[in-house]
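For the record, the sequence lines run as chains A and B. If you read the first sequence in the UniProt record's numbering, its first letter stands for residue 1, the second for the next number, and so on. If you read the second sequence in the UniProt record's numbering, its first letter stands for residue 1, the second for the next number, and so on. Please read the structure below before turning to the comments.
Protein chains: 2
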Amino acid sequence: MPDPAQLCFRALADPTRRDILKMLSQQDMTITDVAGRFDMTRAAVKKHLTVLSDGGLITVEPRGRERINSINPLGFGPVLSWFDYFDGFWDDRLSDLKTAIEKDKT
Amino acid sequence: MPDPAQLCFRALADPTRRDILKMLSQQDMTITDVAGRFDMTRAAVKKHLTVLSDGGLITVEPRGRERINSINPLGFGPVLSWFDYFDGFWDDRLSDLKTAIEKDKT
DNA sequence: TTGACATAATACCATATGGTTTCTAATTTA
DNA sequence: TAAATTAGAAACCATATGGTATTATGTCAA
């Protein structure tokens with residue numbers, strides 16, 4: 001019922017969740033850690049973490065009374081492989097895309 | 001108000017819209033063309049096309065009484081450059097993972 | 001053992017989202 | 001010109017989504 005790619009894309013659709021992923025790429029965090037960086041309740045953050053977990057983008061490890069949230073690089077697989085579909089298309093129709101992106105990053 | 005990356009991710013979050021993008025990567029289509037491939041009304045398809053257009057992922061050209069919808073490769077820029085943020089991270093962690101696996105095999 | 005701490009779970013709310021139906025406007029074409 | 005075709009717009013509906021507040025559970029430390 002729940003398509004992995006769909007869960008993945010859905011998880012990435014929210015800006016708060018994308019920010020959380022960037023944070024987790026720097027260091028593992030508990031819910032309270034993450035909540036401390038946002039102007040919202042721990043409950044709201046917990047929901048976001050659940051969506052990220054459902055999408056396979058993070059993993060959660062219990063440690064004592066805490067839960068350590070870590071990013072899961074392998075979880076990006078479904079999204080990236082969806083983009084792979086367009087690789088040939090991009091190569092054919094436009095070689096400027098990559099340079100356009102590089103410019104965008106400055 | 002509307003962050004380009006957000007509009008982009010939002011547009012990609014729906015499976016119907018992702019399918020439309022795949023179709024449009026094969027050939028340009030009118031709304032009726034697209035609607036013919038789905039079990040939903042033209043009005044619903046039109047809404048999806050609007051979201052895709054807002055996200056910059058497609059362009060629409062009037063031709064007579066028709067509107068030609070085309071995929072816009074440059075529109076993927078914001079999403080792809082967001083993923084670029086993780087490039088270094090992926091390289092690091094995935095190689096860690098690889099060595100961990102190698103170690104495990106001894 | 002008692003209290004403080006970290007998290008989970010539930011009920012609830014407002015708005016966004018994906019869909020429908022109906023009606024209108026513009027462009028072909030017979 | 002009249003009829004058919006293509007598209008847009010508006011009103012409406014059910015459900016999903018992002019948030020809150022409240023209550024409950026498990027774990028550490030004094």
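In this text, a Cβ means the ideal position worked out from N, Cα and C, and glycines have one as well. Quick caveat, the model's predicted, so the values are computed rather than measured.
- request: Reducing DSSP to helix, strand and coil, say where T59 (chain B) ends up.
  value: strand
field: Any chain B beta carbon closer than 8 Å to S25 (chain A)
entry: yes
message: Considering only DSSP beta bridges, list what M29 (chain A) is partnered with.
response: A:N69
query: Under 7 Å Cβ-Cβ, which residues of chain B neighbour K22 (chain A)?
result: Y85
message: Restricting to Cα atoms, I'd like to know which of A:R17, A:Q6, A:G88 is closest to T50 (chain A).
response: A:R17
Assigned secondary structure, D3 (chain B) (DSSP; H/G/I helix, E/B strand, else coil): coil
- prompt: Whose Cβ in chain B lies nearer than 7 Å to the Cβ of L57 (chain A)?
  reply: Simply none; closest approach about 11 Å.
task: Say yes only if the C-beta of G75 (chain A) is nearer than 7 Å to one or more non-hydrogen atoms of the ligand ATP, and no if none qualify.
output: Summarising the ligand content, the structure contains no ligands, and the ligand ATP is consequently not present.
task: Go ahead and pull the three-state DSSP assignment for D39 (chain A).
output: coil
task: Give a yes or no on whether the minimum CB-CB distance between F38 (chain A) and chain B is below 8 Å.
output: no
query: Does any CB atom of chain A fall closer than 8 Å to the CB of L12 (chain B)?
result: yes
- request: Closer than 6 Å by C-beta to G64 (chain A): which residues in its own chain qualify, once you throw out the five before and the five after it? Chain order, please.
  value: none
- request: Determine, using beta-carbon pairs with one atom in the region 60–76 of chain B and one in the region 18–31 of chain B, whether at least three such pairs fall under 8 Å.
  value: yes
- prompt: Of the residues that make up the region 62–77 of chain B, which ones have a beta carbon closer than 9 Å to any beta carbon in chain A?
  reply: I71, P73, L74, F76, G77
query: Can you name the start and end residues of the alpha helix (DSSP H) that L80 (chain B) belongs to?
result: 77–84
message: Below 9 Å on C-beta distance, what does P2 (chain B) contact in chain A?
response: What P2 (chain B) touches in chain A: nothing, since even the nearest Cβ is about 12 Å away.
message: Helix, strand or coil, according to DSSP, for G64 (chain B) in the structure here?
response: coil
- request: Classify A13 (chain B) as buried or exposed, calling it buried when 16 or more other Cβ atoms lie within 10 Å of its own Cβ.
  value: buried
Inter-residue CB distance, V45 (chain B) and I31 (chain B) (contact presumed, cutoff 8 Å): 6 Å
- request: Compare the beta carbon distance of V60 (chain A) and A5 (chain A) with 8 Å and say whether it is the shorter of the two.
  value: no
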